[in-house]
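**Student:** Sharing a structure, written as structure tokens. Questions coming.
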Amino acid sequence: MVAWRRRALDQQLPAAGFPAGSGKPSLVYLWSTMVLAAALVLGFAVHSQRAVPPAVIDSQQDNVLKVASSMRLTINHSIEDLDERVAGVPRRCRMRSS
């Protein structure tokens, strides 16, 4: 390979490291992640609630009612479609299948 081409290709590669190209030591990332995790755990421990807020309960009940209504409409439509198809089948064909 031509020397100038190899040099050009080498210049395109990022510097090796963790993470690549940042130049920061991995221990800095490790300790900052550990401090963040500890702060989150402490924050959740201090501000923990035993009960679910009423707004969340209302929202979930509303979602369940919407899903149930949608499912009921879908099932009713499927039943009507099935009834129409059965009504369209000639009588002798229905007798053979039973």
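Residue numbers (our numbering): 51 to 148. Here a beta-carbon is modelled for each residue, glycine too, at the ideal position from N, C-alpha and C.
Does DSSP put Pro-75 in a helix, in a strand, or in coil?
**Tutor:** Note: Pro-75 maps to coil in three-state DSSP.
**Student:** From which residue to which residue does the alpha helix (DSSP H) around Gln-61 run?
**Tutor:** Run containing Gln-61: 53-62, per the alpha helix (DSSP H) assignment.
**Student:** Report the rounded CA-to-CA distance for Ala-118 versus Leu-80, giving the unit in angstroms.
**Tutor:** If you take the alpha carbons of Ala-118 and Leu-80, they lie about 47 Å apart.
**Student:** Secondary structure at Ala-87, three-state DSSP: helix, strand or coil?
**Tutor:** Here Ala-87 sits in helix by DSSP.
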